[in-house]
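Okay, so here's the structure we're looking at.
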Amino acid sequence: MGTMFARGLKRKSAEDGEDVEGGLAGAQAMPSYSLQRQSLLDMSLVKLQLCHMLVEPNLCRSVLIANTVRQIQEEMAQDGTWRVVAPQAAGRAPLDRLVSTDILCRSVREQEGERPAPDAGDGHTPDLVPGLATVPSAQALRNPQSSLWEVDSSRENRGGFQKSLDQIFETLENKTSGSVEELFADVDSSYYDLDAVLTGMVGSTQSGHGSGLQAFSPATAAPPSSSCRSDLGELDHAVEILVET
Amino acid sequence: MPSHRMPSEADIISTVEFNHTGELLATGDKGGRVVIFQREPESKNAAHSQGEYDVYSTFQSHEPEFDYLKSLEIEEKINKIKWLPQQNAAHSLLSTNDKTIKLWKITERDKRPEGYNLKDEEGKLKDLSTVTSLQVPVLKPMDLMVEVSPRRVFANGHTYHINSISVNSDCETYMSADDLRINLWHLAITDRSFNIVDIKPANMEDLTEVITASEFHPHHCNLFVYSSSKGSLRLCDMRAAALCDKHSKLFEEPEDPSNRSFFSEIISSVSDVKFSHSGRYMLTRDYLTVKVWDLNMEARPIETYQVHDYLRSKLCSLYENDCIFDKFECAWNGSDSVIMTGAYNNFFRMFDRNTKRDVTLEASRESSKPRAVLKPRRVCVGGKRRRDDISVDSLDFTKKILHTAWHPAENIIAIAATNNLYIFQDKVNSEMH
């Protein structure tokens with residue numbers, strides 16, 4: 000199965016010439032806790048979307064992932080990092096690897112020295128790796144007041160890619176063919192190229208919806224597991240059904 | 000039993016269950032088939048058949064369906080099989096997929112009537128002019144034929160995916176549990192079921208916890224337990240109320256704050272719960288441990304065993320490739336002294352509750368020739384490495400042993416490794432201790 004770890008990221012900051020937060024400079028710095036946390040959030044949201052599109056979503060898995068997203072959000076809200084940042088240029092090239100999230104596996108004690116202080120100007124942390132950190136936040140919070148957790152019924156707020164978790168659960172419950180079509184109505188079809196998403200080979204162009212997509216497409220560097228393969232098959236099937244209806 | 004066909008996904012075994020005597024072993028697979036094995040009686044004459052299991056019957060239990068209202072496929076994969084206690088010559092079992100439970104009756108036919116008056120041996124009507132006398136048909140022996148027939152279909156009881164079924168000790172009722180609800184059925188009545196647990200919130204947006212497994216108490220027909228994705232167990236008494244949303248007892252271990260991470264909740268989710276044969280304890284499996292609970296102590300488990308703690312630092316990768324959501328089962332031996340559960344790399348683990356010793360064994364064709372002794376395996380986590388150790392990084396996470404079963408009385412175990420079934424017997428210590 001190859002290596003189990005999410006591969007550590009060789010920072011592009013070597014080109015940027017900027018210091019990584021915490022004073023770690025150089026091409027092989029371990030990404031900061033904030034970055035890894037953001038990466039985990041992105042990964043979780045992708046997972047929710049994937050299982051949303053599968054034929055029969057596994058409710059237990061969805062609930063566990065959703066709870067993880069909530070936890071991350073709550074922590075980010077406490078840190079003060081959960082706020083809208085002006086979206087970066089949509090054309091920025093995405094990272095080609097998932098940020099190593101080993102730090103997140105460590106216990107709280109180990110992390111204590113690494114967590115950002117609540118009001119430390121964390122606004123600038125996302126700038127260090129703009130393609131990854133800021134764009135998803137911007138996509139998630141079109142409306143500065145709304146959080147991911149409010150029922151968001153207006154189409155305008157729904158964003159091409161991000162759906163609120165509430166909508167996901169509602170749709171899980173009321174899964175008629177009509178609502179399934181609604182779900183996919185404003186999602187770019189290039190998203191269906193899951194191989195690209197999962198293996199991080201972002202060669203294909205992303206559409207306008209895709210500023211969120213660009214950050215998501217290098218979702219994982221690890222090859223898809225066997226469970227992903229069956230997911231892909233089911234996804235193809237789901238797409239077929241939609242196309243025929 | 001190794002398959003001689005090319006292995007396909009439909010052959011992946013999804014459940015394994017011994018019947019109450021251990022004479023029969025049923026497996027269900029992803030293709031909706033059930034295969035029943037029967038233990039050959041030990042015979043002094045045939046030295047090779049020392050109580051080994053051979054195929055007894057194979058039948059298609061469930062077919063794929065399509066739910067037109069929701070535009071969703073309903074998988075034919077058999078999630079669980081439970082045997083009914085045997086009440087006559089026939090055997091009965093319940094098998095379930097995500098939505099529908101079926102009661103199957105398995106009968107043997109080893110005689111057939113011969114000498115009908117109106118039909119000839121092939122069943123065609125005789126020319127009446129050739130019939131000159133009457134005869135009484137006689138039963139003659141024939142080759143054993145195992146016949147399986149569906150006796151009941153319990154459909155439309157579940158909106159969500161069924162994860163457990165459990166037959167009550169009263170032998171008249173059984174329960175089925177999905178992610179949010181548990182229903183009680185009478186074995187003879189298919190058009191009605193009683194809802195006894197419902198944790199669906201009024202707003203699905205508020206959903207944070209689901210039911211992961213449930214089981215009836217082996218002796219007290221009014222008691223059952225269900226586990227949740229948050230790591231709690233709820234023991235319910237059906238005499239207390241018709242809707243058992245209020246538990247009689249809540250078993251929950253307080254979280255260790257020093258070990259907390261974003262994955263804490265996921266790894267605390269209970270994937271399986273089993274009462275001990277004595278009825279005094281419960282065994283639970285979560286992602287990294289198995290725990291023994293005393294029904295009289297709700298505050299914490301009385302025993303905790305690490306299955307593969309070396310994965311604790313890899314949780315992020317395991318989350319990424321979805322392995323963290325794998326649902327491992329657990330099993331007691333007949334005397335409740337040893338517990339068993341599966342792991343990755345086709346490893347399975349056994350823990351002796353009395354000696355506190357544990358062992359890791361591997362189910363693979365390479366390491367188990369017939370009648371060979373299984374060699375204990377070891378996973379090394381850095382530091383000194385012995386010759387046959389496997390390093391954590393070379394574990395194969397696609398080879399997972401999710402389903403295991405232990406013979407009710409003897410030291411015989413059934414291990415499902417993807418699409419292969421392994422049956423191991425302890426000839427030296429065949430009696431339980």
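In order, the protein sequence lines correspond to chains A and B.
Take the first sequence: its position 37, counted from the start at 1, is 36 in numbering that gives the first Met the number 0, and no numbers get skipped.
Take the second sequence: its position 310, counted from the start at 1, is 309 in numbering that gives the first Met the number 0, and no numbers get skipped.
Using N, Cα and C, we set each Cβ at its ideal position, and we do this for glycine too.
Predicted model only: the values in this text are computed from it and were never measured.
Check                                                                                                                      : Outcome
Under 8 Å by beta carbon: chain B residues contacting A:M42                                                                : Y318 and E319
Beta-carbon gap between B:R32 and B:L102 smaller than 8 Å                                                                  : no
Among B:G27, B:V209 and B:S393, the one whose alpha carbon lies nearest that of B:G381                                     : B:S393
Rounded separation between B:P407 and A:L39 - CA only                                                                      : 44 Å
Distance between B:V378 and B:S390 (C-alpha atoms, nearest Å)                                                              : 6 Å
Candidates B:L249, B:A241 and B:G27: closest to B:R299 by CA position                                                      : B:L249
Candidates B:K326, B:V147 and B:E72: closest to B:Q59 by CA position                                                       : B:V147
Rounded straight-line distance, which links the Cα of B:I265 to that of B:R348                                             : 21 Å
For B:A25, the three-state DSSP class (helix, strand or coil)                                                              : strand
Alpha carbon of B:V358 to alpha carbon of B:R376, nearest angstrom                                                         : 8 Å
Short-range partners of chain A found in the region 336-365 of chain B, where Cβ spacing is below 7 Å                      : none
Residues of the region 44-75 of chain A whose Cβ lies closer than 7 Å to any Cβ of chain B, in chain order                 : V54, E55, L58, C59, R60, V62, L63, N66, T67, Q70 and I71
A:P56 CB to nearest heavy atom of the ligand GDP below 7 Å                                                                 : For the structure depicted, the ligand GDP is absent and the ligand set is empty, with no information on it obtainable.
Uninterrupted beta strand (DSSP E) stretches inside the region 155-212 of chain B (no shorter than 3 residues)             : 161-166, 172-177, 180-185 and 193-197
Beta-carbon gap between B:D109 and B:P140 smaller than 8 Å                                                                 : yes
C-alpha distance - B:Y421 paired with B:S275, whole-angstrom precision                                                     : 23 Å
Distance CB(B:S13)-CB(B:K81) smaller than 8 Å                                                                              : no
Cβ contact check for the region 59-68 of chain B and the region 111-126 of chain B: 3 or more pairs under 8 Å              : no
Interface residues of chain B facing A:L34 [CB-CB closer than 9 Å]                                                         : The premise fails here: A:L34 is roughly 13 Å from chain B at the closest Cβ pair, so nothing lies under 9 Å.
Buried/exposed call for B:M296, threshold 16 Cβ in 10 Å                                                                    : exposed
Own chain residues within Cβ distance below 6 Å of B:T303, not counting five before or after                               : T288 and K290
One or two residues paired with A:M42 in a DSSP bridge                                                                     : Answer is none; A:M42 lacks a bridge partner.
Minimum Cβ-Cβ distance from B:Y159 to chain A less than 8 Å                                                                : yes
Proximity test, Cβ basis, 8 Å: B:T20 and chain A                                                                           : no
Stretch-stretch touch, CB-based, cutoff 8 Å, three pairs: the region 153-161 of chain B with the region 175-192 of chain B : yes
Secondary structure of B:V34, DSSP reduced to three states                                                                 : strand
CB of B:H157 within 8 Å of CB of B:T172, strictly                                                                          : no
Nearest-angstrom Cα separation, counted from A:M75 out to A:Y266                                                           : The structure shown does not extend to residue 266 of chain A, since chain A is modelled only from 0 through 244, so no value can be given for it.
Same chain only: Cβ atoms within 7 Å of B:E451, ignoring 5 sequence neighbours per side                                    : Because chain B here runs from 0 to 432, residue 451 of chain B falls outside it and cannot be looked at.
Inter-residue Cα distance where the pair is B:L143 and B:Y55                                                               : 10 Å
Any chain A beta carbon closer than 8 Å to B:T207                                                                          : yes
Coil, strand or helix - B:E8 by DSSP                                                                                       : helix
Alpha carbon of B:L360 to alpha carbon of A:Q48, nearest angstrom                                                          : 38 Å
In chain order, each alpha helix (DSSP H) run of at least 4 residues that lies wholly inside the region 54-105 of chain B  : none
Same chain only: Cβ atoms within 7 Å of A:M200, ignoring 5 sequence neighbours per side                                    : In this prediction, A:M200 scores a pLDDT of 35, lower than 50, which makes its location untrustworthy; no coordinate-derived value is stated.
Neighbour-count burial assignment, B:D285, 16 or more Cβ in a 10 Å radius                                                  : buried
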